[in-house]
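A.B. asks: I am attaching a structure below and will ask some questions about it afterwards.
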Amino acid sequence: MAGQHLKALETRLGVRLLSRTTRRLAPTDAGRAYYERCVAALEEIALAEAEAGARQAEPSGRLRLTAPLGFGNSLLAPAIAAFLDRHPRVDVEIDLSENKTDLLTGDYDLAIRLGELAPSSLVSRRLASFPLILAASPAYLAASGMPQHPRDLAQHEALIYAQTAAPMKWSFLSRDGQRANATLQGRIVASDVEFLVRLAQLGRGLLLAPSFLLDEHLNTGSLVEVMPGWHERSLPLHLLWPHRALIPVPTRAFIDFMVGWTASELKVSHALRL
1 MAGQHLKALE TRLGVRLLSR TTRRLAPTDA GRAYYERCVA ALEEIALAEA EAGARQAEPS
61 GRLRLTAPLG FGNSLLAPAI AAFLDRHPRV DVEIDLSENK TDLLTGDYDL AIRLGELAPS
121 SLVSRRLASF PLILAASPAY LAASGMPQHP RDLAQHEALI YAQTAAPMKW SFLSRDGQRA
181 NATLQGRIVA SDVEFLVRLA QLGRGLLLAP SFLLDEHLNT GSLVEVMPGW HERSLPLHLL
241 WPHRALIPVP TRAFIDFMVG WTASELKVSH ALRL
């Protein structure tokens, strides 16, 4: 029976798949290539079925992720609470740090990253983009004056966030398309942007920070937006995870949740671009 099916297949394909001798059968080059393609197709079908089944399964187990400290304290906490309410069988372990932990060697399922991504083998999903806002306290501006143009910043005290490629330089774009760079001076350099926000409230200088860290303080008046006609680049928010043929169910559940959460809850409460 198998021989008949093989002969019919060879007739349909118009090529010999097996080389027959009196002692053995051996695949021809065409037969070997055909076999490898068929195996790959079957593996893809099996993977598709596994993924479809996984999406129907109730997520359970431990999810390990790493995220920036400022974003974690400001916005991630309510997202995690809502995610755990939706998936009561998932436990979450979070490493909050301004250092970008290696996702592959750190045994993490996911990373949340703010800023442009360096090329890597990781899979990424862009969730949103936060405007960067220049701000200072009313007391600082009363004492030092309100800058009108990026060139004026050289005469001001800046609060420097250390975790950027060029912390002493800011680049701005005006509403009418003009570009201008500012070289900064400042006595305080720190790796924690929330620490710098507090110093800005205390009148220690100008601060450039993402909107989600400044919105509340701008609304209460403890900080004032500076040079609203000029804008720095926006800060993208990404999810990153290792490339795998089959993504673990808790990881997939968190990815899907964050995509929906940033598009609804986050957009309502914060100025952001999707």
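Using full-length UniProt numbering, read the sequence shown as starting at 1 and increasing by one per residue.
We put the CB at the ideal spot given by N, CA and C, even for glycine.
(1) Near residue 62, what residues of its chain come up, given a Cβ to Cβ distance below 8 Å and the 5 sequence neighbours on each side ignored?
(2) At which residues does the beta strand (DSSP E) containing residue 114 begin and terminate?
(3) The alpha helix (DSSP H) spanning residue 124 covers which residue range?
(4) Quick one: give me the first and last residue of the alpha helix (DSSP H) that residue 226 is part of.
(5) So, helix, strand or coil for residue 219, using DSSP?
(6) Roughly how many angstroms separate the alpha carbons of residue 161 and residue 195, rounded to a whole number?
(7) Taking DSSP as the reference, what is the three-state secondary structure of residue 82?
(8) How far does the alpha helix (DSSP H) with residue 186 in it reach, from first residue to last?
(9) Quick check: what's the CA-CA separation for residue 221 versus residue 138?
(10) What first and last residue would you give for the beta strand (DSSP E) that runs through residue 62?
(11) Taking the DSSP output, what are the residues bridged to residue 231?
(12) Could you give the residue range of the beta strand (DSSP E) that holds residue 160?
(13) According to the neighbour-count rule (16 or more other Cβ atoms, all chains shown, within 10 Å of its Cβ), is residue 256 buried or exposed?
(14) Would you give the residue range spanned by the beta strand (DSSP E) that residue 256 belongs to?
C.D. replies: According to the data block:
(1) 90, 91, 92, 93, 250
(2) Run containing residue 114: 110 to 114, per the beta strand (DSSP E) assignment.
(3) Not the alpha helix (DSSP H): residue 124 falls in the beta strand (DSSP E), residues 123 to 130.
(4) From DSSP, residue 226 is part of no alpha helix (DSSP H); its letter is neither H nor E.
(5) helix
(6) 10 Å
(7) helix
(8) Taken as a continuous stretch (DSSP letters only), residue 186 belongs to no alpha helix (DSSP H), as it is neither H nor E.
(9) 8 Å
(10) 61 to 67
(11) Answer is 173.
(12) 159 to 161
(13) Counting every other CB atom within 10 Å of its CB across the protein chains shown gives residue 256 a total below 16, marking it as exposed.
(14) Run containing residue 256: none in the beta strand (DSSP E); it sits in the alpha helix (DSSP H), 249 to 263.
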